[in-house]
Amino acid sequence: MNSKDKFTNKVTDYIKYRPSYPKELIDYIEIEAGLADDSIVADVGAGTGIFTMLLANKVGKVYAVEPNFNMRTACIQYCSDLNNFAAVDGSAEDTNLSDKSVDYVTVAQAFHWFDRQKTKVEFQRILKPHGKAILIWNSRVPESELIKENDELCRSLCPEFSGFSGGSGFSPLLYSDFFKDGYCEYREFDNNRLLTLESYIGSSLSASYAPSERDENYKSFIDGLTSLFHKYSNNSVLILPNRTRCYVGKV
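In terms of the UniProt record's numbering, the sequence shown is residues 1 to 251.
Take a look at the structure:
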């Protein structure tokens, strides 16, 4: 399946259960990257618009670039009250934006799907000379016993699973080769999630690798998640250890 189609049947769960991003992250990119109220931003791989909405409250214009029709439609609905937002049918490798038209490119929870070299060329084309790219992930904390067991469950029942958020081995060096002269600023922010059983299962089902109801592993996956929830929750609330990771630099 083409990467742009992996979330076609996940939109409802994605909208309801995917996490947002901490205020500390937005504060940081305002300071570090110079994000301002007159900035023009391309939010690439915008999905349903979770990060697009946060950006729109801070900048002059946001182009939500998203190749998946269902995701893009959901983004348009979610951001319908914004007057500084436009949805664009495009991809990281071919954004359909003009040359040197944006001050920043943001990518939240999507960069691991892109062709890195083609994306770099495209970002260089659309960014203004002073422009920067900002790569962001919400990722689970691999040291957590809950996350370790959740990982084992996914590996046993989800054939397409390769690790949470495109892999959990994040470091300042992991994506440095994407940036100009191999240099970027890297920061992490705590973003733990408080989940009910419904939201824990829904969040898990929103993943590209999660089985659908018609898959033979679906019931076993739900049963496994339910067992983990009851093992690690307290008073019917599960704390899911999560960090938001951010790379900022020129490309």
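We treat Cβ as the ideally placed atom computed from N, Cα and C, and that holds for glycine.
Quick check on the burial criterion: 16 or more other C-beta atoms within 10 angstroms. Buried or exposed for residue i?
i                 : result
phenylalanine 164 : buried
valine 105        : buried
phenylalanine 69  : exposed
aspartate 99      : exposed
glutamate 24      : exposed
serine 206        : buried
valine 121        : exposed
leucine 194       : exposed
aspartate 199     : Sequence check: residue 199 is serine here, not aspartate. Looking at its Cβ environment, which holds 16 or more other Cβ atoms inside 10 Å, serine 199 is buried.
lysine 132        : buried
valine 237        : exposed
glycine 34        : exposed
glutamate 94      : Per the sequence shown, the amino acid found at residue 94 is aspartate instead of glutamate. With fewer than 16 other Cβ atoms within 10 Å, it is exposed.
residue 254       : Shown here, the chain extends from 1 to 251; a query on residue 254 therefore has no answer.
Does any C-beta atom of chain D lie closer than 7 Å to the C-beta of residue i?
i             : result
histidine 112 : Protein chains in the displayed structure number just one, and chain D is not present.
Give me whichever residues DSSP pairs with residue i in a beta bridge.
i                 : result
tyrosine 78       : Paired residues: none, contrary to the question.
glycine 249       : Ala133
phenylalanine 114 : Note: phenylalanine 114 sits in no beta bridge, so no partner.
isoleucine 239    : Leu194
alanine 108       : Ile136
asparagine 83     : None; asparagine 83 has no bridge partner.
threonine 226     : BP columns for threonine 226 are empty, so no partner.
tyrosine 186      : Tyr247
asparagine 234    : Val237
With a cut-off of 8 Å on the beta carbons, I'd call residue i and residue j a contact; round off their distance for me.
i              : j              : result
asparagine 191 : asparagine 138 : 6 Å
arginine 155   : leucine 240    : About 18 Å; that fails the 8 Å criterion.
valine 88      : cysteine 184   : Between cysteine 184 and valine 88 the Cβ distance is about 25 Å, and since that is not below 8 Å, they are no contact.
glycine 90     : leucine 153    : Actually they do not touch by this definition, with Cβ atoms about 35 Å apart.
leucine 97     : alanine 56     : About 17 Å separates the two Cβ atoms, so there is no contact after all.
Alpha carbon to alpha carbon, how far is residue j from residue i? Give it in angstroms, no decimals.
i                 : j                 : result
glutamate 149     : serine 227        : 11 Å
cysteine 75       : glycine 49        : 5 Å
isoleucine 222    : phenylalanine 114 : 30 Å
glutamate 66      : proline 142       : 29 Å
lysine 58         : aspartate 37      : 5 Å
asparagine 242    : tyrosine 63       : 28 Å
isoleucine 136    : alanine 108       : 5 Å
serine 212        : proline 159       : 12 Å
proline 129       : serine 176        : 19 Å
glycine 45        : glutamate 30      : 21 Å
phenylalanine 189 : isoleucine 26     : 11 Å
threonine 12      : glycine 60        : 29 Å
arginine 18       : glycine 182       : 31 Å
cysteine 246      : leucine 54        : 15 Å
arginine 72       : threonine 119     : 19 Å
glutamine 117     : tyrosine 78       : 31 Å
serine 20         : glycine 202       : 15 Å
leucine 127       : glutamate 32      : 17 Å
serine 39         : serine 162        : 36 Å
glutamate 145     : phenylalanine 229 : 12 Å
glycine 166       : aspartate 103     : With a pLDDT of only 44 at glycine 166, under 50, the local geometry of the prediction cannot be trusted, and no value is derived from it.
alanine 92        : tyrosine 14       : 20 Å
lysine 219        : lysine 250        : 46 Å
tyrosine 28       : phenylalanine 85  : 22 Å
tyrosine 209      : serine 101        : 35 Å
proline 22        : threonine 244     : 8 Å
serine 204        : glutamine 124     : 35 Å
lysine 180        : glycine 47        : 26 Å
aspartate 151     : phenylalanine 51  : 26 Å
isoleucine 134    : isoleucine 147    : 26 Å
- Message: Runs of 3 residues minimum, wholly inside the region 4-75: which ones carry the beta strand (DSSP E) assignment?
- Response: Runs of the beta strand (DSSP E) inside the region 4-75: 40-44, 61-65.
- Query: Along the chain, which unbroken stretches of the alpha helix (DSSP H) at least 4 residues long are found entirely within the region 120-164?
  - Reply: Entirely contained in the region 120-164, the alpha helix (DSSP H) runs reaching 4 residues are, in chain order, 145-157.
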